[in-house]
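Okay, structure first, notes after.
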Amino acid sequence: MKFSYYPGCTLKNHAKNFEDSTLFSLAHLGLEIEELPRWNCCGTVASLAADDLIHQLAPIRNLIRVKEAETTQVVTACSMCFNTLKRANERVRANPTELAQMNDFMYDEETPYEGDVDVYHVLDLVRDKVGFKDVAAKVVNPLGGLKVANYYGCTLVRPKQVAIDDTENPVVLENLVSALGGSPVEFPLKTECCASYRTVDSPNIVADKTYQIINSARSLGAEIIAVSCPLCAFNLDQRQEATLKYHPDFIGLPIVYFSQLMAIAFGCEEKTLQFGLHHFPPKPVLTGKGLI
Amino acid sequence: MSRTPQAKSRAGNKPQAVKPVAPKTRAAKAVLQDAPKARMVTVYIMGKRHVVPEHATIMRAIEYSGQQIIRGAGCREGFCGACGTIYRLPGDYKIHSGLACTTLVQEGMSLTQIPAVPMEKAIYDIEKLSPDVDTFKRLYPVVFRCVACNTCTKSCPQGIQVMDYIQAAKRGDVASIMDISFDCVACGLCALRCPAEIVQHKVGVLGRRLFGRYLAKESKELDTRIAEVQKGAFDKEYKSLMSMPKDKLSKTYYERDIEP
């Protein structure tokens, strides 16, 4: 079964480590995906204004590109893109009038959108199309009990109609980490907001959230935190410097994408992991466990 | 010219059954006939009604109506982008755009030229930039306001997928900006129509410059050819061209091999 792959802008730049490790892992799992030949920004944040249809154009246009690529299923790794694409999709499926209005505005498109594309997150595919049993069978470099706190943030589990798992207590990442040979660390702030775009105007808010989230994970024994969103990664990793300024007792933790843990367990080369893009170096803890 | 005679002349041009006429009479009539008149159309130039020949370009129509174009005309061949024009057609809600020099008038067309689009362009030293997304973020942060409405693409008289190269800028894909925006003539109509107030054509210029400076492959063929020129391989041919009389030169020029 072929899936169109929607990369998203950040995975082509500051989160190249996310993309490279995802593509490596999906290939290792035998999932056939093909990058869309033409795509635009997902639309990033789903607009909160009820009558703001113009902000739905970007995600819906991408779903038209999926149809043009002659598939009906699109997968993305970035959970922000996933959230934006899926929310727009669910919205137009539920509102034919809005969809008609949008198709009418997009008269420049040869293919109208009819709600006929399904949006998946990479974790959906790994859990439902591959299954954790098969994932475990494909592990060549088990994570050796690495204690991983799994951070979902908002975009994988909210709002409910696009959640890939239970909104209050998701377990997909924990199950994945177990299948890869790691030890998932349960921690209460795994679906806490990272403060998102407040990072632009009020890094102090982000610093507070990062302080709470990382402290919680660390106090429960985590050696590393796994994330699925480049903005969460930025706030939890790059903002550790600001966090230390506001909270001098702060001790950081390395932040990695779940796909990097997959790629390590599937025996990737180190260049796939692109550790140069990280602020808190994950290499010491991984080397300490003999994983790389 | 009033509306009625024009309507008559247009009607008169419709194909009609021709009665067989004796050759003699026909020749005699031909002498008396006026020269065939061009079919005329009514257009509205900046709100004022003018009747102009049907086969006129917008630029010709403006001049036919007695106005001299001071700004808004350049190469007159669709390359320089000085004559960006917007227009509407009867019964059509869409704003269309075109270059005045290459777009033909149509009946009922209501048009105005946009000779210049006010904007601020980024000033930079190309030697101090890097061909990545951070450069666009710094010099044209406005690109991140794009909501993919595609109005820029709809407004482009060159038929460029303008929104696609703005999206490429948002992810630092300089090679795609180069490929997609290559035919841009910088008329600026996209920038005027953009609801996010992006200056698309300037972003395209930056992308193409970055490509040329940092990403373009060096051409070995060019180096070889320069070496040939410097060795004098073409001196003889050049001399013969320089000493050719104008008519022969012209003939040679028009008979040259042109790449399809």
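Here the protein sequences come in this chain order: A and B. Position one of the first sequence corresponds to residue 1421 (the working numbering), numbered consecutively onward. Position one of the second sequence corresponds to residue 504 (the working numbering), numbered consecutively onward. Cβ coordinates follow ideal geometry from the N, Cα and C atoms, glycine included. Here the structure is a predicted model, which means the values were calculated and not measured.
Please list, in chain order, the residues of the segment 1431 to 1452 of chain A that have any C-beta partner in chain B closer than 7 Å.
Of all residues in the segment 1431 to 1452 of chain A, K1432, N1433 have a Cβ within less than 7 Å of some Cβ in chain B.
Going along the chain, which residues of the segment 660 to 672 of chain B sit with their C-beta nearer than 8 Å to a C-beta in chain A?
From the segment 660 to 672 of chain B, only M666, D667, Q670 have a Cβ closer than 8 Å to chain A.
How is P1702/A classed by DSSP in three states: helix, strand or coil?
Within the first sequence, residue 1702/A is the residue found at index 282, counting from 1. Correct three-state label for P1702/A: coil.
If we cut at 8 Å on Cβ distances, does C586/B have a partner in chain A?
Locating residue 586/B in the second sequence gives position 83, counting from the first residue. No, C586/B does not count as interfacial toward chain A.
Less than 8 Å between the CB atoms is what I'm expecting for T1492/A and D1538/A, so what's the real figure, rounded?
Counted from its first residue, the first sequence places residue 1492/A at position 72. Counted from its first residue, the first sequence places residue 1538/A at position 118. Confirmed, about 6 Å.
When you compare the CB positions of L1449/A and V1486/A, do they come within less than 8 Å of one another, or not?
As a working mapping, residue 1449/A is identified with position 29 in the first sequence. As a working mapping, residue 1486/A is identified with position 66 in the first sequence. Result no, Cβ atoms of L1449/A and V1486/A do not sit closer than 8 Å.
Are L1673/A and A1642/A touching if we call contact CB-CB under 8 Å?
Here residue 1673/A is taken as the residue at index 253 of the first sequence, counted from 1. Here residue 1642/A is taken as the residue at index 222 of the first sequence, counted from 1. It is a contact, given that the beta carbons lie within the stated cut-off.
Say whether chain A places a C-beta atom closer than 8 Å to the C-beta of A651/B.
By one-based count along the second sequence, residue 651/B stands at place 148. Yes, A651/B lies at the interface with chain A (some Cβ there is under 8 Å from its Cβ).
8 Å is my cut-off, CB to CB: does D1657/A come that close to chain B?
The residue labelled residue 1657/A in the question sits at position 237 within the first sequence. No - not a single Cβ of chain B is within 8 Å of the one on D1657/A.
Compare the beta carbon distance of V546/B and V620/B with 8 Å and say whether it is the shorter of the two.
Here the question's residue 546/B lines up with position 43 in the second sequence. Here the question's residue 620/B lines up with position 117 in the second sequence. Result no, Cβ atoms of V546/B and V620/B do not sit closer than 8 Å.
Taking only the alpha-carbon atoms, compute the straight-line gap between P450/B and S684/B and give it to the nearest angstrom.
Nothing about residue 450/B can be read from this structure; chain B reaches only from 504 to 763.
Touch check for the segment 700 to 715 of chain B and the segment 661 to 668 of chain B: three-plus C-beta pairs under 8 Å?
Counting Cβ pairs under 8 Å, three or more are found: they touch.
How big is the Cα-Cα spacing for S512/B and K657/B?
Numbered from 1 along the second sequence, position 9 holds the residue referred to as residue 512/B. Numbered from 1 along the second sequence, position 154 holds the residue referred to as residue 657/B. Below a pLDDT of 50, predicted positions are generally treated as unreliable, and S512/B, at 43, falls in that range; no measurement from the model is reported.
Tell me the rounded alpha-carbon separation between E1439/A and S1499/A.
On the first sequence, residue 1439/A is found 19 positions in, with the first residue counted as 1. On the first sequence, residue 1499/A is found 79 positions in, with the first residue counted as 1. Going by the C-alpha atoms only, they are around 12 Å apart.
Just the chain A side, please: which residues come within less than 7 Å of V636/B by C-beta, in chain order?
To locate residue 636/B, count along the second sequence from 1; it is residue 133. By Cβ distance, chain A contributes N1433.
Taking C-alpha atoms, which residue in R1481/A, F1525/A, C1688/A lies nearest to D1536/A?
As a first step, residue 1536/A must be located in the first sequence, where it is residue number 116. The shortest C-alpha separation from D1536/A is found at R1481/A.
Among K1709/A, Q1632/A, D1548/A, L1576/A, which residue has its Cα nearest to the Cα of Q1779/A?
Outside the modelled stretch of chain A, which goes from 1421 to 1712, sits residue 1779/A, for which no answer is possible.
What are the start and end residues of the beta strand (DSSP E) that includes I1453/A?
The sequence position of residue 1453/A within the first sequence is 33, counting from 1. It spans 1453 to 1455 - the beta strand (DSSP E) in which I1453/A sits, taken as one unbroken run.
Quick one: residues in its chain with C-beta nearer than 7 Å to the C-beta of D686/B, no 5 flanking neighbours on either side, listed in chain order?
By 1-based counting over the second sequence, the position of residue 686/B is 183. Around D686/B: Q661, I663.
Considering only residues of the same chain and omitting the five flanking positions on each side of L1697/A, which have a CB-CB separation below 8 Å?
Sequence index remark: in the first sequence, residue 1697/A carries index 277 (1-based). The residues are H1434, A1435, K1436, N1437.
Does the beta-carbon distance from Y1426/A to V1494/A come in below 8 Å?
Stepping through the first sequence from its first residue, residue 1426/A is reached at position 6. Stepping through the first sequence from its first residue, residue 1494/A is reached at position 74. Going by C-beta atoms, Y1426/A is nearer than 8 Å to V1494/A.
Could you compute how far the alpha carbon of T1663/A sits from the alpha carbon of F1552/A?
Within the first sequence, numbered from 1, the residue matching residue 1663/A stands at position 243. Within the first sequence, numbered from 1, the residue matching residue 1552/A stands at position 132. Going from the Cα of T1663/A to the Cα of F1552/A covers about 36 Å.
What in chain A is Cβ-close to G707/B, meaning under 7 Å?
Here residue 707/B refers to the residue found at position 204 of the second sequence. In chain order: nothing, as chain A lies at least about 16 Å away.
In terms of residues, what are the limits of the alpha helix (DSSP H) holding N1635/A?
Position 215 of the first sequence, counted from the start, is the residue given in the question as residue 1635/A. N1635/A -> alpha helix (DSSP H) spans 1623 to 1639.
Between which residues of its own chain and T1575/A is the CB-CB distance below 6 Å, once the five residues before and five after are set aside?
Sequence index remark: in the first sequence, residue 1575/A carries index 155 (1-based). Excluding positions up to five away in sequence, the list reads S1499, M1500, N1503, C1649.
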